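Read the structure below first, then the notes.
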C-alpha cells in the first residue's frame, strides 16, 4: 500500500516549480492531489501529467490574494472528497519584485508579505475547521534557508519566509 493512499492533499502554488514536484510526489504515494493556483491552463497540464503517471488529481483555481477563492477551495474540496487530510502551503511571492532594502518599494514589500505570509495564514485558517471536524490533518508550510541566513538580493522574500517559520511554530503549539 502506498503511504498516502486515500488521503486528500491540497498543494498551493502547484502550477509551477517546487509545487509541481510536491503534487507529483504526493500523487505517486496514493493521495488525491488538489492542484491549485491562479493559472487554470497550467494547472490542468499538471493534473493531466499526474493522471498520465497513474495518479489522481484535480484542479481548483485559487489566488491567495483573493480570500474568497481560498474559502471556496477548502469548502469545495471538503464537500467533494469528504475531508482535507493534508495542506501544503507552497505558494509564495516568487517572481515578485524584490531586492536590497534601499531598492525595494513598500508596495513590493507588502505584496511579498500578502502572498507569502498572509496567504499562508489564511489557508491554514480556512482549512483548520475541516481538519478539526475529522480530528486529524497535517499542515506543511514550505520554508527557505533564506529565512535563517538572509539573502542579499531578496530581502522581502527572506523576511516573509522567516515570518512563515514563526507562524508554523505558533500553529504547531496550538
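Residue numbers (our numbering): 19 to 192.
Just so you know, even glycine gets a beta-carbon here, dropped at the ideal spot from N, CA and C.
Remember, predicted model here, so these are calculated numbers, not experimental data.
Can you check DSSP and say which residues form a bridge with residue i?
i	result
residue 108	DSSP lists no partner for residue 108.
residue 76	52
residue 156	104
Could you round the C-beta distance between residue i and residue j to whole angstroms and report it? I think they count as a contact, below 8 Å.
i	j	result
residue 94	residue 78	6 Å
residue 142	residue 160	That pair is no contact at about 13 Å.
residue 103	residue 26	5 Å
Is residue i helix, strand or coil when you go by DSSP?
i	result
residue 30	strand
residue 84	coil
residue 185	helix
residue 125	helix
residue 163	coil
residue 169	coil
residue 62	helix
residue 119	coil
residue 136	helix
residue 19	coil
residue 114	coil
residue 47	coil
Just tell me which of the options has its CA closest to the CA of residue i.
i	options	result
residue 114	97, 73 and 133	133
residue 56	71, 70, 42 and 37	37
residue 140	101, 110 and 32	110
residue 167	178, 39 and 142	178
residue 69	91, 83, 43 and 92	43
residue 108	76, 162, 29 and 19	29
Given 8 Å as the limit, is there contact between the segment 113 to 132 and the segment 47 to 55, that is, 3 or more CB pairs closer than that? no
Sufficient close CB pairs (3 or more, under 8 Å) joining the segment 167 to 175 to the segment 151 to 159: no
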